[in-house]
Amino acid sequence: MASSQVIGTVPGYKFIKNRRAAVLAFPFNGGQGREGVELGGMHLIEHGILEQLKEMEWETSFEPNENIDTLRPNSDPDIEGLKKPRFVSSVTKKVAEQVSTAAKAGDFVVTLGGDHSLAMGTVSGVFEAYPDACLIWIDAHADINTPSTTDSGNMHGCPISFVMGIAGDIPEFAWIKKCLLPERLVYIGLRDVDPAEKKILKDYGIKAFSMHHVDKYGIGKVVDMALDHVNPNRDRPIHLSFDVDALDPSVAPSTGTPVRGGLTFREGHYICEALAETGLLVAADIMEVNPALEDEQAVFQTVQVGCSLTRCCLGETLL
4 MASSQVIGTV
14 PGYKFIKNRR
24 AAVLAFPFNG
34 GQGREGVELG
44 GMHLIEHGIL
54 EQLKEMEWET
64 SFEPNENIDT
74 LRPNSDPDIE
84 GLKKPRFVSS
94 VTKKVAEQVS
104 TAAKAGDFVV
114 TLGGDHSLAM
124 GTVSGVFEAY
134 PDACLIWIDA
144 HADINTPSTT
154 DSGNMHGCPI
164 SFVMGIAGDI
174 PEFAWIKKCL
184 LPERLVYIGL
194 RDVDPAEKKI
204 LKDYGIKAFS
214 MHHVDKYGIG
224 KVVDMALDHV
234 NPNRDRPIHL
244 SFDVDALDPS
254 VAPSTGTPVR
264 GGLTFREGHY
274 ICEALAETGL
284 LVAADIMEVN
294 PALEDEQAVF
304 QTVQVGCSLT
314 RCCLGETLL
(Lines of atoms letter the chains of each structure in order from A and count residues from 1; the text may use other names and numbers.)
(Lines give C-alpha, C1' and ligand atoms only; values in the text may rest on other atoms or scores of the structure.)
Protein backbone atom coordinates (compact mmCIF):
# COMPACT_ATOMS: atom_id res chain seq x y z
CA MET A 1 0.00 0.00 0.00
CA ALA A 2 1.46 3.38 -0.95
CA SER A 3 2.27 5.79 1.85
CA SER A 4 1.64 9.54 1.98
CA GLN A 5 3.04 9.95 5.47
CA VAL A 6 4.61 13.24 6.47
CA ILE A 7 8.04 13.17 8.04
CA GLY A 8 7.80 14.65 11.49
CA THR A 9 9.83 17.65 12.58
CA VAL A 10 8.46 17.91 16.12
CA PRO A 11 10.92 16.42 18.63
CA GLY A 12 9.59 13.15 20.01
CA TYR A 13 6.98 12.76 17.26
CA LYS A 14 7.95 10.75 14.20
CA PHE A 15 5.08 11.81 11.96
CA ILE A 16 3.86 15.16 13.34
CA LYS A 17 5.21 18.09 11.34
CA ASN A 18 3.72 20.96 13.37
CA ARG A 19 3.47 21.28 17.13
CA ARG A 20 -0.19 22.01 16.57
CA ALA A 21 -3.22 20.14 17.80
CA ALA A 22 -6.14 20.36 15.40
CA VAL A 23 -9.08 19.98 17.78
CA LEU A 24 -12.32 19.02 16.05
CA ALA A 25 -15.58 18.88 18.01
CA PHE A 26 -18.54 17.08 16.50
CA PRO A 27 -21.83 17.68 18.36
CA PHE A 28 -23.47 14.54 17.04
CA ASN A 29 -25.79 11.95 18.56
CA GLY A 30 -27.22 10.32 15.44
CA GLY A 31 -25.45 7.00 15.90
CA GLN A 32 -27.40 6.11 19.02
CA GLY A 33 -30.66 6.90 20.74
CA ARG A 34 -29.81 8.99 23.81
CA GLU A 35 -29.79 12.77 23.84
CA GLY A 36 -26.87 14.62 25.33
CA VAL A 37 -23.79 12.99 23.82
CA GLU A 38 -23.75 15.78 21.24
CA LEU A 39 -22.78 18.10 24.12
CA GLY A 40 -19.70 16.14 25.14
CA GLY A 41 -17.08 17.81 22.99
CA MET A 42 -18.06 21.36 23.88
CA HIS A 43 -18.04 20.47 27.57
CA LEU A 44 -14.37 19.51 27.20
CA ILE A 45 -13.76 22.82 25.43
CA GLU A 46 -15.58 24.74 28.15
CA HIS A 47 -13.54 22.85 30.73
CA GLY A 48 -10.46 24.42 29.18
CA ILE A 49 -8.82 21.70 27.11
CA LEU A 50 -7.55 24.20 24.51
CA GLU A 51 -5.91 26.34 27.18
CA GLN A 52 -4.48 23.22 28.82
CA LEU A 53 -2.86 22.15 25.55
CA LYS A 54 -1.44 25.65 25.03
CA GLU A 55 0.10 25.44 28.51
CA MET A 56 1.79 22.25 27.26
CA GLU A 57 3.25 24.38 24.45
CA TRP A 58 0.99 23.06 21.72
CA GLU A 59 -0.42 25.51 19.24
CA THR A 60 -4.11 24.76 18.75
CA SER A 61 -6.73 25.19 16.08
CA PHE A 62 -10.37 24.54 16.83
CA GLU A 63 -13.39 23.68 14.70
CA PRO A 64 -16.65 23.48 16.70
CA ASN A 65 -18.82 22.26 13.79
CA GLU A 66 -21.74 24.02 15.43
CA ASN A 67 -23.85 23.91 12.27
CA ILE A 68 -23.60 20.16 11.86
CA ASP A 69 -27.35 19.71 12.33
CA THR A 70 -27.83 21.28 8.88
CA LEU A 71 -26.64 17.93 7.50
CA ARG A 72 -29.71 16.20 8.92
CA PRO A 73 -31.96 15.06 6.04
CA ASN A 74 -35.68 15.78 6.01
CA SER A 75 -36.37 12.07 5.70
CA ASP A 76 -34.12 9.33 7.02
CA PRO A 77 -35.85 5.93 7.06
CA ASP A 78 -33.97 2.85 8.20
CA ILE A 79 -31.74 1.00 5.75
CA GLU A 80 -31.26 -2.69 6.49
CA GLY A 81 -32.28 -1.94 10.07
CA LEU A 82 -29.74 0.86 10.53
CA LYS A 83 -31.16 3.96 12.20
CA LYS A 84 -30.56 7.48 10.80
CA PRO A 85 -28.18 6.13 8.14
CA ARG A 86 -28.18 9.21 5.88
CA PHE A 87 -27.50 11.59 8.76
CA VAL A 88 -24.69 9.36 10.01
CA SER A 89 -23.22 9.11 6.53
CA SER A 90 -23.26 12.84 5.78
CA VAL A 91 -21.77 13.76 9.16
CA THR A 92 -19.06 11.11 9.14
CA LYS A 93 -18.07 12.09 5.60
CA LYS A 94 -17.54 15.63 6.87
CA VAL A 95 -15.52 14.23 9.78
CA ALA A 96 -13.31 12.28 7.36
CA GLU A 97 -12.63 15.38 5.27
CA GLN A 98 -11.66 17.52 8.27
CA VAL A 99 -9.51 14.82 9.87
CA SER A 100 -7.72 14.03 6.61
CA THR A 101 -6.98 17.70 5.92
CA ALA A 102 -5.54 18.28 9.39
CA ALA A 103 -3.53 15.06 9.36
CA LYS A 104 -2.08 15.74 5.90
CA ALA A 105 -1.03 19.18 7.13
CA GLY A 106 1.09 17.44 9.77
CA ASP A 107 -1.07 18.37 12.77
CA PHE A 108 -1.91 16.07 15.65
CA VAL A 109 -5.66 15.49 15.26
CA VAL A 110 -7.91 15.43 18.33
CA THR A 111 -11.56 14.57 17.68
CA LEU A 112 -14.06 15.15 20.46
CA GLY A 113 -17.41 13.36 20.24
CA GLY A 114 -20.21 12.88 20.02
CA ASP A 115 -21.02 9.20 19.66
CA HIS A 116 -18.61 6.57 18.37
CA SER A 117 -20.20 6.28 14.92
CA LEU A 118 -18.01 9.32 14.23
CA ALA A 119 -15.10 6.89 13.99
CA MET A 120 -16.27 5.98 10.48
CA GLY A 121 -14.99 9.45 9.66
CA THR A 122 -11.97 9.68 11.96
CA VAL A 123 -10.55 6.32 10.85
CA SER A 124 -11.25 7.09 7.18
CA GLY A 125 -9.55 10.48 7.53
CA VAL A 126 -6.49 9.23 9.40
CA PHE A 127 -5.94 6.32 7.01
CA GLU A 128 -6.35 8.64 4.02
CA ALA A 129 -3.40 10.64 5.35
CA TYR A 130 -1.49 7.67 6.78
CA PRO A 131 -2.29 4.51 4.78
CA ASP A 132 0.21 2.50 6.84
CA ALA A 133 -1.41 3.42 10.16
CA CYS A 134 -2.78 1.09 12.81
CA LEU A 135 -5.83 1.55 15.04
CA ILE A 136 -5.96 0.99 18.78
CA TRP A 137 -9.59 0.89 19.94
CA ILE A 138 -10.26 1.39 23.67
CA ASP A 139 -13.85 0.47 24.49
CA ALA A 140 -16.13 -1.75 26.51
CA HIS A 141 -17.73 -2.68 23.17
CA ALA A 142 -16.28 -3.98 19.91
CA ASP A 143 -18.41 -1.71 17.68
CA ILE A 144 -17.93 -4.16 14.80
CA ASN A 145 -21.55 -5.17 14.19
CA THR A 146 -22.70 -5.22 10.59
CA PRO A 147 -26.16 -4.24 9.34
CA SER A 148 -27.08 -7.92 9.42
CA THR A 149 -25.87 -8.53 12.99
CA THR A 150 -26.86 -5.40 14.90
CA ASP A 151 -29.88 -5.87 17.16
CA SER A 152 -30.41 -2.20 17.97
CA GLY A 153 -29.65 -0.64 14.59
CA ASN A 154 -27.65 2.05 16.38
CA MET A 155 -24.68 2.89 14.22
CA HIS A 156 -22.30 3.69 17.07
CA GLY A 157 -22.05 -0.10 17.33
CA CYS A 158 -21.02 -0.54 13.69
CA PRO A 159 -18.18 1.82 12.65
CA ILE A 160 -15.42 -0.81 12.46
CA SER A 161 -17.37 -3.02 10.06
CA PHE A 162 -17.68 -0.11 7.62
CA VAL A 163 -14.01 0.90 7.57
CA MET A 164 -13.03 -2.79 7.32
CA GLY A 165 -15.29 -3.19 4.31
CA ILE A 166 -17.44 -5.96 5.77
CA ALA A 167 -20.68 -4.01 6.26
CA GLY A 168 -22.02 -4.87 2.82
CA ASP A 169 -22.94 -2.73 -0.15
CA ILE A 170 -24.96 0.24 1.07
CA PRO A 171 -24.96 3.07 -1.51
CA GLU A 172 -25.38 5.77 1.13
CA PHE A 173 -21.97 4.77 2.54
CA ALA A 174 -20.21 4.24 -0.78
CA TRP A 175 -17.81 7.07 0.09
CA ILE A 176 -16.20 4.92 2.82
CA LYS A 177 -13.18 3.09 1.45
CA LYS A 178 -12.05 -0.22 2.85
CA CYS A 179 -9.02 1.12 4.69
CA LEU A 180 -8.56 -0.99 7.83
CA LEU A 181 -7.01 -4.44 7.61
CA PRO A 182 -7.82 -6.86 10.46
CA GLU A 183 -4.15 -7.11 11.44
CA ARG A 184 -3.97 -3.31 11.84
CA LEU A 185 -6.66 -3.27 14.55
CA VAL A 186 -6.37 -4.13 18.23
CA TYR A 187 -8.86 -3.72 21.06
CA ILE A 188 -8.21 -3.05 24.74
CA GLY A 189 -10.84 -3.09 27.48
CA LEU A 190 -13.63 -5.16 25.93
CA ARG A 191 -16.21 -6.53 28.36
CA ASP A 192 -19.60 -6.33 26.62
CA VAL A 193 -19.34 -8.02 23.21
CA ASP A 194 -22.32 -9.35 21.25
CA PRO A 195 -22.21 -13.03 20.17
CA ALA A 196 -22.14 -12.04 16.50
CA GLU A 197 -19.25 -9.67 17.18
CA LYS A 198 -17.30 -12.45 18.90
CA LYS A 199 -17.70 -14.51 15.75
CA ILE A 200 -16.48 -11.63 13.57
CA LEU A 201 -13.42 -11.13 15.78
CA LYS A 202 -12.64 -14.84 15.56
CA ASP A 203 -13.34 -15.18 11.84
CA TYR A 204 -11.05 -12.27 10.94
CA GLY A 205 -8.37 -13.08 13.49
CA ILE A 206 -8.66 -9.66 15.14
CA LYS A 207 -6.54 -9.24 18.26
CA ALA A 208 -8.59 -8.20 21.26
CA PHE A 209 -7.67 -7.78 24.92
CA SER A 210 -10.66 -7.97 27.24
CA MET A 211 -10.72 -6.90 30.87
CA HIS A 212 -9.84 -10.52 31.66
CA HIS A 213 -6.51 -9.97 29.92
CA VAL A 214 -5.97 -6.68 31.75
CA ASP A 215 -6.58 -8.49 35.04
CA LYS A 216 -4.33 -11.38 34.06
CA TYR A 217 -1.35 -9.54 32.60
CA GLY A 218 -1.63 -5.97 33.86
CA ILE A 219 -2.14 -2.93 31.66
CA GLY A 220 1.56 -2.46 30.89
CA LYS A 221 1.94 -5.92 29.41
CA VAL A 222 -1.35 -5.63 27.53
CA VAL A 223 -0.28 -2.38 25.85
CA ASP A 224 3.06 -3.96 24.91
CA MET A 225 1.30 -7.00 23.43
CA ALA A 226 -1.14 -4.79 21.58
CA LEU A 227 1.69 -2.79 20.03
CA ASP A 228 3.63 -5.96 19.20
CA HIS A 229 0.64 -7.12 17.19
CA VAL A 230 -0.30 -4.01 15.20
CA ASN A 231 3.03 -2.19 15.21
CA PRO A 232 5.76 -4.81 15.73
CA ASN A 233 8.60 -2.68 14.37
CA ARG A 234 7.29 0.48 16.05
CA ASP A 235 7.28 2.29 12.72
CA ARG A 236 3.59 2.75 11.92
CA PRO A 237 1.49 5.83 12.78
CA ILE A 238 -1.01 5.12 15.56
CA HIS A 239 -4.62 6.26 15.68
CA LEU A 240 -6.16 5.92 19.14
CA SER A 241 -9.94 5.83 19.43
CA PHE A 242 -11.01 6.01 23.08
CA ASP A 243 -14.61 5.52 24.19
CA VAL A 244 -14.88 6.71 27.78
CA ASP A 245 -17.17 3.77 28.58
CA ALA A 246 -13.98 1.67 28.51
CA LEU A 247 -13.39 3.19 31.93
CA ASP A 248 -15.25 1.83 34.90
CA PRO A 249 -18.45 3.82 35.64
CA SER A 250 -16.91 4.82 38.96
CA VAL A 251 -14.29 6.70 36.92
CA ALA A 252 -16.39 8.02 34.01
CA PRO A 253 -20.07 7.73 34.99
CA SER A 254 -21.52 10.21 32.50
CA THR A 255 -21.65 8.04 29.37
CA GLY A 256 -24.50 6.37 27.50
CA THR A 257 -23.59 2.68 27.77
CA PRO A 258 -21.72 2.17 31.06
CA VAL A 259 -20.62 -1.36 31.96
CA ARG A 260 -19.26 -2.32 35.37
CA GLY A 261 -15.77 -3.76 35.66
CA GLY A 262 -13.89 -1.39 33.38
CA LEU A 263 -10.49 0.21 33.27
CA THR A 264 -9.34 2.15 36.31
CA PHE A 265 -8.38 5.81 36.14
CA ARG A 266 -4.68 4.91 36.02
CA GLU A 267 -5.11 2.08 33.49
CA GLY A 268 -6.91 4.40 31.07
CA HIS A 269 -4.28 7.09 31.46
CA TYR A 270 -1.43 4.61 31.19
CA ILE A 271 -2.66 3.58 27.74
CA CYS A 272 -2.56 7.18 26.50
CA GLU A 273 0.78 7.89 28.16
CA ALA A 274 2.39 4.74 26.76
CA LEU A 275 1.17 5.38 23.22
CA ALA A 276 2.36 8.99 23.37
CA GLU A 277 5.77 7.77 24.54
CA THR A 278 6.18 5.74 21.34
CA GLY A 279 6.33 8.97 19.35
CA LEU A 280 4.02 7.35 16.79
CA LEU A 281 0.63 8.70 17.87
CA VAL A 282 -0.91 10.93 15.20
CA ALA A 283 -4.58 11.15 16.19
CA ALA A 284 -6.83 10.59 19.18
CA ASP A 285 -10.61 10.37 19.49
CA ILE A 286 -12.30 10.99 22.83
CA MET A 287 -15.86 9.73 22.44
CA GLU A 288 -19.20 9.16 24.20
CA VAL A 289 -18.99 11.74 27.00
CA ASN A 290 -22.66 12.50 27.71
CA PRO A 291 -23.19 15.50 30.00
CA ALA A 292 -26.98 14.97 30.02
CA LEU A 293 -26.60 11.82 32.11
CA GLU A 294 -25.93 11.62 35.84
CA ASP A 295 -25.65 14.54 38.25
CA GLU A 296 -23.47 17.63 38.01
CA GLN A 297 -20.58 16.10 39.95
CA ALA A 298 -20.57 12.96 37.78
CA VAL A 299 -20.56 15.08 34.62
CA PHE A 300 -17.68 17.19 35.96
CA GLN A 301 -15.74 14.04 36.83
CA THR A 302 -16.24 12.52 33.36
CA VAL A 303 -15.36 15.72 31.51
CA GLN A 304 -12.27 16.14 33.68
CA VAL A 305 -11.18 12.61 32.77
CA GLY A 306 -11.76 13.31 29.08
CA CYS A 307 -9.50 16.35 29.30
CA SER A 308 -6.76 14.50 31.16
CA LEU A 309 -6.81 11.60 28.67
CA THR A 310 -6.40 14.14 25.86
CA ARG A 311 -3.46 15.80 27.60
CA CYS A 312 -1.78 12.41 28.08
CA CYS A 313 -2.12 11.71 24.36
CA LEU A 314 -0.23 14.93 23.72
CA GLY A 315 2.61 14.14 26.09
CA GLU A 316 1.57 14.94 29.65
CA THR A 317 3.35 12.67 32.13
CA LEU A 318 3.36 12.27 35.89
CA LEU A 319 7.00 13.40 36.14
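In terms of our numbering, the sequence shown opens at residue 4 and continues consecutively. Don't be surprised by glycine CBs; every beta carbon is placed ideally from N, CA and C. None of the values given here were measured: they were computed from a predicted structure.
Residues near residue i in its chain [Cβ-Cβ closer than 6 Å; skip 5 each side]
| i | result |
| --- | --- |
| Gly168 | Lys181 |
| Ala286 | Val112, Val129, His242 |
| Arg23 | Glu62, Asp110 |
| Thr260 | Asp248 |
| Ala25 | Ser64, Ala105, Asp110, Val112 |
| Gly124 | Thr95, Val98, Ala99 |
| Thr114 | Leu27, Thr125, Asp288 |
| Leu42 | Pro294 |
| Trp178 | Lys96 |
| Val233 | Cys137, Arg187, Val189 |
For residue j and residue i, the rounded distance between their alpha carbons
| i | j | result |
| --- | --- | --- |
| Gly171 | Asn148 | 11 Å |
| Ile274 | Lys107 | 25 Å |
| Ser6 | Leu296 | Summary for Ser6: the model assigns pLDDT 47, below 50, so the residue's position carries little reliability, and this model does not support an answer. |
| Gly3 | Phe90 | Because the chain is modelled from 4 through 322, residue 3 falls outside the range shown and cannot be assessed. |
| Asp110 | Pro185 | 26 Å |
| Arg37 | Pro235 | 39 Å |
| Asn77 | Leu321 | 49 Å |
| Met4 | Ile209 | Per-residue confidence for Met4 stands at a pLDDT of 39, beneath the threshold of 50, marking its modelled position as unreliable; the derived number appears in the next sentence. Distance between the alpha carbons of Met4 and Ile209 is about 20 Å. |
| Lys86 | Pro252 | 27 Å |
| Glu131 | Gly11 | 17 Å |
| Glu83 | Gly156 | 9 Å |
| Ala199 | Asp288 | 25 Å |
| Ile203 | Val189 | 13 Å |
| Ala229 | Phe268 | 19 Å |
| Gly33 | Val225 | 33 Å |
| Gln35 | Arg75 | 14 Å |
| Asp206 | Gly309 | 33 Å |
| Thr313 | Lys20 | 19 Å |
| Phe176 | Pro150 | 12 Å |
| Asp298 | Arg237 | 42 Å |
Local Cβ density within 10 Å of residue i, reported as buried at 16 or more and exposed below that
| i | result |
| --- | --- |
| Pro14 | exposed |
| Leu27 | buried |
| His215 | exposed |
| Gln300 | exposed |
| Lys17 | buried |
| Gln307 | exposed |
| Pro256 | buried |
| Glu69 | exposed |
| Thr153 | buried |
| Ser120 | buried |
| Glu54 | exposed |
| Gly160 | buried |
| Thr73 | exposed |
| Pro174 | exposed |
| Ser92 | buried |
| Glu66 | exposed |
| Gly51 | exposed |
| Glu60 | exposed |
Anticipated Cβ contact below 8 Å, residue i with residue j, distance rounded
| i | j | result |
| --- | --- | --- |
| Pro162 | Asp146 | 6 Å |
| Phe31 | Val94 | 5 Å |
| Ala143 | Gly265 | 6 Å |
| Leu193 | Ser213 | 4 Å |
| Ile191 | Ile141 | 5 Å |
8 Å Cβ shell around residue i - same chain, five flanking residues per side excluded
| i | result |
| --- | --- |
| Lys57 | Thr63 |
| Ala136 | Val129, Phe130, Arg187, Arg239, Pro240, Ile241, His242, Val285 |
According to DSSP, residues forming a beta bridge with residue i
| i | result |
| --- | --- |
| Tyr190 | Trp140, Ala211 |
| Thr258 | Val292 |
| Asp246 | Met290 |
| Ser151 | Answer by DSSP bridge pairing: none, since Ser151 is not bridged. |
| Thr113 | Reading off the sequence, residue 113 comes out as Val, not Thr. In the DSSP output, where bridge partners are listed per residue, Val113 has Val26, Ala287. |
| Ser64 | Ala25 |
| Ile82 | Leu85 |
| Ile274 | In DSSP, Ile274 forms no bridge with anything. |
| Ile203 | DSSP, once it has assigned bridges, lists no residue as partnering Ile203. |
| Ile241 | Cys137, Leu284 |
| Leu266 | Leu250 |
Cβ-heavy atom distance, residue i to the ligand NAD, below 7 Å
| i | result |
| --- | --- |
| Trp140 | Within the structure as shown, the ligand NAD is missing, as the structure has no ligands at all. |
Residues near residue i by beta carbon distance below 7 Å, same chain, minus five either side
| i | result |
| --- | --- |
| Thr2 | Outside the displayed span of the chain (4 to 322) sits residue 2, for which this structure offers no information. |
| Leu138 | Val126, Leu183, Arg187, Leu188, His242, Ser244 |
| Gly44 | Ala28, Phe29, Pro30, Leu115, Gly116, Gly117 |
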